[in-house]
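Residue 5 is where the sequence shown starts when you use the working numbering, and the numbers rise one by one after that.
In this text, a Cβ means the ideal position worked out from N, Cα and C, and glycines have one as well.
Bear in mind that the values here come from a model prediction, so they are computed numbers and not experimental data.
Following: one structure in structure tokens, then a few remarks.
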Amino acid sequence: MDQKETIILAIESSCDDTSAAILKNNAILSNLIAGQEVHSEYGGVVPELASRAHLQNIVPVVDAAIKNSGVKKSDIDAVAFTKGPGLLGSLVVGTSFAKSFAMAMKIPLIDVNHMYGHVLAHFIDDGEKEKPKFPFLCLTVSGGHTQIVLVKSPLNMEVIGSTIDDAAGEAFDKIAKLLGFPYPGGPLVDKHAKSGDPKSFQFAKPRVGGYNYSFSGLKTSVLYFLQKQEKDNPDFISENLDDLCASAQRSIIDVLFKKLILASKELSIDEIAIAGGVSANSELRSRLADEGQKRCWKTHIPRFEYCTDNAAMIAITGKFMHEAGMHSDQSVSAQARIPFLPLR
Ligand code: KG4
Ligand code: ZN
5 MDQKETIILA IESSCDDTSA AILKNNAILS NLIAGQEVHS EYGGVVPELA
55 SRAHLQNIVP VVDAAIKNSG VKKSDIDAVA FTKGPGLLGS LVVGTSFAKS
105 FAMAMKIPLI DVNHMYGHVL AHFIDDGEKE KPKFPFLCLT VSGGHTQIVL
155 VKSPLNMEVI GSTIDDAAGE AFDKIAKLLG FPYPGGPLVD KHAKSGDPKS
205 FQFAKPRVGG YNYSFSGLKT SVLYFLQKQE KDNPDFISEN LDDLCASAQR
255 SIIDVLFKKL ILASKELSID EIAIAGGVSA NSELRSRLAD EGQKRCWKTH
305 IPRFEYCTDN AAMIAITGKF MHEAGMHSDQ SVSAQARIPF LPLR
């Protein structure tokens with residue numbers, strides 16, 4: 005084998021998906037995700053059920069990821085895992101597995117911050133796709149976070165704005181729930197919005213300082229509006245479903261872009277990226293392309309499968325940390341909340 009090749013096994017188990025990936029240099033050889041249907045009837049992730057499902061999934065998912073990649077277990081140079089942030093019970097499963105694997109194979113262990121992973125997904129080798137140049141701004145929008153990140157280098161990032169209440173994905177999911185969709189409702193809102201008119205309904209816009217966000221007012225505004233309309237017409241939601249989805253989605257996206265545009269202007273940065281589960285949203289992706297053209301931004305949109313939680317993004321982050329010699333020992337433990345600080 006070529007001496008310079010680095011092969012990393014990565015494990016991601018921060019929420020309700022068990023994922024394992026194999027990275028060779030900067031290319032992904034396999035990236036498998038086992039989802040958890042069990043939560044849909046509860047309208048949100050049930051932590052206890054999530055950790056039990058991770059326990060069932062982790063061995064077969066890792067095994068299949070290694071087999072599909074074509075590499076031998078003994079070729080793996082290091083194992084990276086999500087240390088946090090996320091649900092503690094879920095994180096513990098991935099962390100324990102990674103620690104055992106590293107110990108058994110006598111290879112280094114790398115603990116990865118999930119939020120770094122979302123941003124660094126842009127650096128997975130992906131054909132002709134150009135990688136962001138430093139410094140760039142990354143709007144990271146997921147079910148648990150909404151952040152504008154100033155990315156100075158792969159291991160030096162600073163959050164310059166974040167939500168003071170709900171995350172953008174949470175807003176999608178909560179509004180989806182009001183409309184009667186199962187969890188996670190974000191992708192369903194996206195789907196229905198395609199046939200709706202985004203100008204049909206107006207909802208409250210937040211007023212928060214700096215580059216920060218707020219989404220709880222929007223959700224409440226949708227709730228009160230629906231309650232009022234349903235008094236007069238109990239079928240209001242089903243008769244206006246597509247327009248409601250399109251209008252709510254447009255409100256969330258307008259809010260996201262207002263602060264992103266402000267940050268880009270004030271910091272004079274025109275390399276702009278999006279990341280996280282909500283960056284799978286079709287309107288968000290097309291809006292970034294449109295705003296990019298209008299404002300002469302160089303825009304970066306991750307491949308669809310690297311937007312929602314996946315181990316490939318943990319693998320590429322692990323690779324950067326491995327090269328920098330940032331390994332952890334067997335005393336490392338999962339951490340539900342981790343500050344987003346520069347790593348070096
Ligand atoms: O990054 P992610 O997979 O998990 C977290 O780290 O939270 O993000 C999940 C979030 C969920 O709120 C989900 O509804 C949202 O991403 N999401 C979407 C779409 N696909 C996933 N929201 C809107 N439109 C989508 N197409
Ligand atoms: Zn995530």
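**Prompt:** Would residue 138 be called buried (16 or more neighbouring beta carbons within 10 Å of its own) or exposed?
**Reply:** It is exposed - the Cβ of residue 138 has fewer than 16 other Cβ atoms within 10 Å.
**Prompt:** Do you know how far the Cα of residue 15 is from the Cα of residue 6?
**Reply:** Bear in mind that the predicted position of residue 6 carries a pLDDT of just 48, short of 50, making it unreliable; the figure below should be weighed with that in mind. So the two alpha carbons sit approximately 25 Å from each other.
**Prompt:** When you compare only the Cα positions, how much space is there between residue 94 and residue 142?
**Reply:** About 26 Å.
**Item:** residue 300 burial status per 10 Å Cβ neighbour count (16 or more: buried)
**Value:** Counting Cβ neighbours within 10 Å, residue 300 comes out exposed, since fewer than 16 surround it.
**Asked** Using 8 Å as the Cβ pair cut-off and three pairs as the minimum, do the region 71–89 and the region 109–118 touch?
**Response** Taking a cut-off of 8 Å on C-beta distances, the region 71–89 touches the region 109–118, as three or more cross pairs fall below it.
**Request:** Could you tell me if residue 254 is buried or exposed, where buried requires 16 or more neighbouring beta carbons within 10 angstroms of its beta carbon?
**Result:** So residue 254 ends up on the buried side.
**Message:** Is the beta carbon of residue 226 closer than 7 Å to that of residue 182?
**Reply:** Against a cut-off of 7 Å, the Cβ pair of residue 226 and residue 182 comes out as a contact.
**Request:** Go to residue 115, then tell me how far its alpha helix (DSSP H) extends in each direction, as first and last residue.
**Result:** Careful: residue 115 lies outside any alpha helix (DSSP H), inside the beta strand (DSSP E) at 113–117.
**Item:** Limits of the unbroken beta strand (DSSP E) element including residue 253
**Value:** That residue, residue 253, is in no beta strand (DSSP E); its alpha helix (DSSP H) goes 245–271.
**Request:** Between the Cα of residue 91 and those of 52, 100, 73 and 106, spot the shortest distance and give me the residue it belongs to.
**Result:** Comparing Cα-Cα distances from residue 91 to each of 52, 100, 73 and 106, the minimum goes to 52.
**Prompt:** Under 6 Å from any heavy atom of the ligand KG4, does the C-beta of residue 88 make it?
**Reply:** Because no heavy atom of the ligand KG4 lies under 6 Å away, the Cβ of residue 88 does not count as near it: no.
**Item:** residue 284 beta carbon less than 7 Å from that of residue 308
**Value:** Yes, these two residues count as a Cβ contact at 7 Å.
**Prompt:** Are the CB atoms of residue 65 and residue 36 nearer to each other than 7 Å?
**Reply:** Taking 7 Å as the Cβ cut-off, residue 65 and residue 36 qualify as a contacting pair.
**Asked** Quick one: does the C-beta of residue 282 sit closer than 6 Å to a heavy atom of the ligand KG4?
**Response** Yes - the ligand KG4 has a heavy atom lying nearer than 6 Å to the Cβ of residue 282.
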